[in-house]
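From first to last, the protein sequence lines stand for chains A and B.
With the working numbering applied, the first sequence corresponds to residues 1 to 182, in that order.
With the working numbering applied, the second sequence corresponds to residues 1001 to 1199, in that order.
Using N, Cα and C, we set each Cβ at its ideal position, and we do this for glycine too.
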Amino acid sequence: MYLIEDAGDEGLVQRSLSGDSEAFEMLVRRHQRAMYTVACRMLGSREEARDAVQSAFINAYQHLGSFDPRRRFFSWIYRIVVNECLNLLRARRPVDELSPDIAARGTPFDTAADAERARQVQAALLRLSPDARAVVVMRHYGELSYDEIAQALGVPSTTVKSRLYDARQRLGEMLLGWRALA
Amino acid sequence: MSGHDRRDDHSSEELETLAGALNALPSLDPPPDLLPGVMAAAHRTRATGGRVAGSAGRVAMRRKVLWGLAAAAGIVLAVVAYSGFPADGEGTEGAIGAAGRYQAGTASDLTPGDQAAQDFLKSDLFHRIMKDESVRKALSDPVFIRALADPALRAALADPAFGRALRSADFQEALRSKGFASALQSKPFSDLMRRRKPD
């Protein structure tokens, strides 16, 4: 018996294009956690992250016909989410509050030290520029290749590598105890 | 301190430590209203022919592209309109055969219609479409066969807006899109063809 849960992303996209809303719902179910996490890392706000992810999925739904089945759906939706986040960040006023505590909520940690470390990392992430944050988030949470990140951001791969290198250096400096993280 | 100097400050081991710390950040549970919000907006998109209303749908669908898809399928039906509607039960063979006769210029009983439609019917692009297996499959759908007998469809095909749609860049683009064949086979499109007239 055919189970929609077993279908690959590409098959679900095709079924969505044929008007099967359950197929699209399965795509959202499958990727919403990863996309929401990425948006939280980018935005530091659960509410904004929810809005960004919703907009991204709706955007994807409306443009499914332009999805290239030779590519990964995950990469495609990831790019849409990150761009949605970047648009929100650019529209923000500089004084807007960011919320590093987001890292320490929602998931139990083994120890209080783990929770504190997560909070520090999230706080450091939020102090990076949006473009630098984007490459870190895409590389570490999306596990996207340099080429995929480059395509998503519309910059050369060399720029991605350079931004990632600089961002890591900056994170290392901010996370003070660079060695204490070990 | 230059960037080059800083680079030497951190060993690869330390960089790995940082990467590990980044990777160790937990994934987060999405709020329960995320999925329903997306699906509600998706349903509204379909119900309104492309435009999303409400806070979750800031990105509006290009309605004209949707109509371009509808017009693309409509052209197939237009062939049948020019060459005579097949009788109930005749099925897709009649429709496709009529299209072939029209394109080959061997059908002498065709009624001239909009010039744009006639030009398009003789184009290479239309020829390729009619050879597409998915289009043939769509035309074999009983819904389409029944739609051919609908007076409203005849009126829609005669509408000047239909001719304008044929000439539009969106229409040409839609015809070449991967979603074209899928859209032809979708229930929303079938419903659209049965009850909608070009804006």
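Cβ neighbour criterion (16 or more within 10 Å) applied to residue i
| i | result |
| --- | --- |
| H1043 (chain B) | exposed |
| N59 (chain A) | buried |
| R70 (chain A) | exposed |
| E48 (chain A) | buried |
| D68 (chain A) | exposed |
| A91 (chain A) | exposed |
| E173 (chain A) | exposed |
| P1202 (chain B) | The question about residue 1202 (chain B) has no answer here: the residues shown for chain B are numbered 1001 through 1199. |
| G1037 (chain B) | buried |
| G1089 (chain B) | A caution first: G1089 (chain B) carries a pLDDT of 40, below 50, which makes its placement in the model unreliable, though a value can still be read off. Classification for G1089 (chain B): exposed. |
| D6 (chain A) | exposed |
| S268 (chain A) | This structure gives no information on residue 268 (chain A), because the portion of chain A shown stretches from 1 to 182. |
| D1033 (chain B) | exposed |
Contact set for residue i: own chain, Cβ-Cβ below 8 Å, skip 5 residues either direction
| i | result |
| --- | --- |
| G106 (chain A) | With a pLDDT of 47 at G106 (chain A), under the threshold of 50, the modelled position of this residue cannot be trusted; read the value that follows with caution. If we look at G106 (chain A) and ignore the five residues flanking it on each side, it has no Cβ neighbours. |
| A167 (chain A) | L128, A132, R133, V135 and V136 |
| D20 (chain A) | none |
| Q169 (chain A) | none |
| Y36 (chain A) | A49, R50 and V53 |
| E10 (chain A) | P69 and F73 |
| Q62 (chain A) | none |
Close Cβ partners of residue i (< 7 Å) along its chain, the five nearest in sequence each way excluded
| i | result |
| --- | --- |
| S157 (chain A) | Y146, D147 and A150 |
| E143 (chain A) | none |
| H31 (chain A) | F74 and I77 |
| R163 (chain A) | D131, A132 and V135 |
| A39 (chain A) | A49, A52, V53, V81 and C85 |
| I4 (chain A) | E22, A23 and M26 |
| R139 (chain A) | I149 and L164 |
| M1039 (chain B) | none |
| A34 (chain A) | none |
| S1002 (chain B) | The predicted model places S1002 (chain B) with a pLDDT of 44, which falls under 50 and marks its position as unreliable; any figure quoted below should be read in that light. There are no such residues. |
Own chain partners of residue i with C-beta closer than 6 Å, once the 5 adjacent residues on each side are dropped
| i | result |
| --- | --- |
| I80 (chain A) | A56, N59 and A60 |
| A23 (chain A) | L12, R15 and S16 |
| V95 (chain A) | Confidence in V95 (chain A) is poor, its pLDDT being 43 and thus under 50, which makes the residue's placement too unreliable to answer from. |
| L89 (chain A) | P130 |
| L171 (chain A) | A124 |
| R72 (chain A) | none |
Selection of the stretch 69-83 of chain A by Cβ proximity to chain B, strictly under 8 Å: Along the stretch 69-83 of chain A, the positions whose C-beta sits under 8 Å from a C-beta of chain B are P69, read in chain order.
At least three beta-carbon pairs within less than 8 Å, the stretch 132-146 of chain A to the stretch 74-92 of chain A: By the C-beta criterion, the stretch 132-146 of chain A is judged to be in contact with the stretch 74-92 of chain A, since at least 3 inter-stretch pairs fall below 8 Å.
Chain A contacts from the stretch 1031-1043 of chain B (Cβ-Cβ distance under 8 Å): When C-beta distances to chain A are compared with 8 Å, the residues of the stretch 1031-1043 of chain B below that value are P1031, D1033, L1034, L1035, G1037, V1038, M1039, A1041, A1042 and H1043, in chain order.
Chain B contacts from the stretch 145-161 of chain A (Cβ-Cβ distance under 7 Å): Result list empty, no residue passes.
Residues within the stretch 12-28 of chain A neighbouring chain B, beta-carbon criterion of under 8 Å: For the stretch 12-28 of chain A, the beta-carbon criterion of a distance under 8 Å to any beta-carbon of chain B is satisfied by Q14, L17, S18, G19, S21, F24, E25 and V28.
Positions along the stretch 116-127 of chain A whose CB lies within less than 9 Å of some CB in chain B: Answer in chain order: R117, A118, Q120, V121, Q122 and L125.
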